[in-house]
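Under the numbering used here, the sequence shown has 307 at position 298, and the numbering climbs by one with no breaks.
Heads up, the beta-carbon is just placed ideally off N, CA and C, and yes, glycines get one too.
Predicted model, so just to flag it, every value in this text is computed and none were measured.
Heads up: the structure comes next, in structure tokens.
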Amino acid sequence: MNQQYFYNGVIITLNEHDEIWERGSFLVDDKGKIVQVNEGPPRLDEPETTYIDLKGKWVLPGFINTHGHTGMTMLRGHADDLPLEQWLQDKMWPIEARFTKEAVLASQSLAMVEMMKSGTTTFLDMYHLHLADMAEQVVQAGMRSVMTRGMIGLCSVAEQKDKIQEAVQFATEYRGAGDGRITTMLSPHAVYTCPPDFIEMVVNEAHRHSLPLHTHMSETAFEVEENERKYGKRPVAHLADLGFFSTKAIVAHAVHVNEEEMELLHKHNVSVSYNPMSNLKLGSGIAPVATMVEKGITVAFGTDSAASNNHLDLFEEMRTGILVQKGLQQNSTVLPARKALQMATTNGAEALGLQGVGQIKCGYEADFITICPNAPHLQPNNHIVSHLVYAASGRDVNDVYVKGKQLVKDKVCTTIDEEKIQFELNQQYNRLL
């Protein structure tokens, strides 16, 4: 691939100064890295360069989805309006037990199509079936992903060890795959599905292989109460005592955490994946994210699975997420629009431990999206940051690039056959039913 010179775009830099460059241009080298960012007319003397006129489109970093389960996409709408425990035990786990490889891969492919077309370039995926095949699909699709084998430890010690061995083998084999686009973690599912000894074994392997950790935590009040009843402590202290926070860690949800627990999360530099729409739909509650941010905790957005959300559009997640915080706090000034965009991009990269991702900046990976500003709901077009957060949706995304490669062109995926994968997913789902 020759280097590419993108010019005549409105660049939202999201750097420490949150600058907007009205006539921005940037040069991407043949390895997919940004090597120049300029304001003003393009330099037309670059050798072996493809020039791409952005025609005034808004350009911003690709969004980063910090928690999800793409293998469950087929279960969108399969079970609605149920509390988490019943939703998992009665509806999700029984049908997932019948999943074939074809069902999992169709689910993941459709999830990637949906994420790409709505502006997500990086996603964390916690799943437990056919991980190697899923990783190969990510490589082919061109996205960036943090992949991890979710592990439930309610089984014999021998089975626990087998699961951990499988997770470690996948994590060590596939980190760095896809020219560095795939990174990996270890993920015990949650404290209510993983006994303490099992979590300690996972933590030991994380240290041994220099792998970050990820888990669900404090998603429901019931979960917290059960942990106190069973172990005499709340989940944050429980995980801290098991050494879970002794390495790089990100927890999903953290809906039911108090001031003392937030201080503990901050002390251990634990990041939080905020999944507001899944939490609302499952009736789990609203995480105290505005307070977390005030305390210096790194908070980023996640969608959770399409089975509980029921979409993977981070624009919708971002808007809903900050609006409910304003309502919860009864304070319209908390989490302003600029902060929301940072949470969807730079905070996501920090939470996932990704270097050189999340900004349009010299030396960073060329993961970016464009939005055509001509839609009626984006007028007057002066207030770009406001519109991106409060008015835009994933349907406004026009083009998507990861590592300089175009994955979506004029709203159409270039690496996955959308029509084919929709047909396959429906066929697989009806087979399961």
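Take Trp30, set aside five residues on each side of it, and the residues of its chain with a beta-carbon closer than 6 Å to its own are Ile20, Glu48, in chain order.
Nearest Cα to Lys290 within the set His320, Phe310, His265: His320. Pairing Val113 with Asp426, the inter-Cα distance amounts to about 17 Å.
Here the stretch 165-180 does not lie against the stretch 332-341, with fewer than 3 beta-carbon pairs under 8 Å apart.
Per DSSP, Gln13 lies in no alpha helix (DSSP H); the unbroken beta strand (DSSP E) holding it starts and ends at 12-21.
A residue is called buried when at least 16 other Cβ atoms come within 10 angstroms of its Cβ; Cys422 meets this threshold and is buried. Note that the C-beta distance between Ile73 and Ala358 is below 7 Å. Rounded to whole angstroms, the gap between the alpha carbons of Asn383 and Glu228 is 40 Å. One thing to note: Leu434 has its Cβ no nearer than 7 Å to the Cβ of Leu140.
Beta bridge pairing from DSSP links Gly33 with Gly18, Glu48. His223: member of the beta strand (DSSP E) spanning 222-226, first to last residue. Take the alpha-carbon of Pro285 and the one of Ile295: they are about 7 Å apart. By the C-beta density criterion, His216 is exposed, having fewer than 16 other C-beta atoms within 10 angstroms. Taking a cut-off of 8 Å on C-beta distances, the stretch 193-201 touches the stretch 223-241, as three or more cross pairs fall below it. In the DSSP annotation of this structure, the continuous segment of the alpha helix (DSSP H) that includes Ser116 starts and ends at 110-126. By the beta-carbon neighbour count (other beta carbons within 10 angstroms, threshold 16), Ala106 is exposed. A straight line joining the alpha-carbon of Asp408 with that of Asn356 spans about 22 Å. Residue pairing by DSSP places Lys414 opposite Val411 in a beta bridge.
The shortest C-alpha to C-alpha distance from Lys418 to any of Lys412, Glu428, Val406 is the one to Val406. Between the stretch 39-53 and the stretch 324-331 there are fewer than three inter-stretch CB-CB distances shorter than 8 Å, so the stretches are not counted as touching. In this chain, the beta strand (DSSP E) harbouring Thr59 covers 58-62. Straight through space, the alpha carbons of Val281 and Thr157 are spaced by roughly 17 Å. For Ile208, the uninterrupted alpha helix (DSSP H) run begins and ends at 205-217, by DSSP. Beta-bridge pairing by DSSP links Val406 to Ile380. Counting only runs of at least 3 residues, the stretch 237-322 fully encloses the following beta strand (DSSP E) elements, listed from N- to C-terminal order: 258-262, 280-283, 308-310. In this chain, Asn391 is not harboured by any beta strand (DSSP E), its DSSP state being neither H nor E.
Beta-bridge annotation (DSSP): Glu235 is not paired with any residue. About 20 Å separates the CB atoms of Thr307 and Ser287; that is not less than 8 Å, and the two are not in contact. Asn340 counts as exposed, since fewer than 16 other beta carbons sit within 10 angstroms of its beta carbon. For Met160, the enclosing beta strand (DSSP E) covers residues 153-160.
Taking the Cβ atoms as the reference, Gln146 lies roughly 6 Å from Gln117, within the contact range of under 8 Å. Contact check for Ala315 and Thr82: beta-carbon distance about 5 Å, within the 8 Å limit, so the pair qualifies.
Counting other Cβ atoms within 10 Å of its Cβ, Asp188 stays below 16 and is therefore classed as exposed. Per the Cβ contact rule, the stretch 265-280 is in contact with the stretch 239-249 (3 or more Cβ pairs under 8 Å).
By a beta-carbon distance limit of 8 Å, Met121 contacts Met152. Their separation comes to about 6 Å. In the three-state scheme derived from DSSP, where H, G and I count as helix and E and B as strand, Leu332 is classed as helix.
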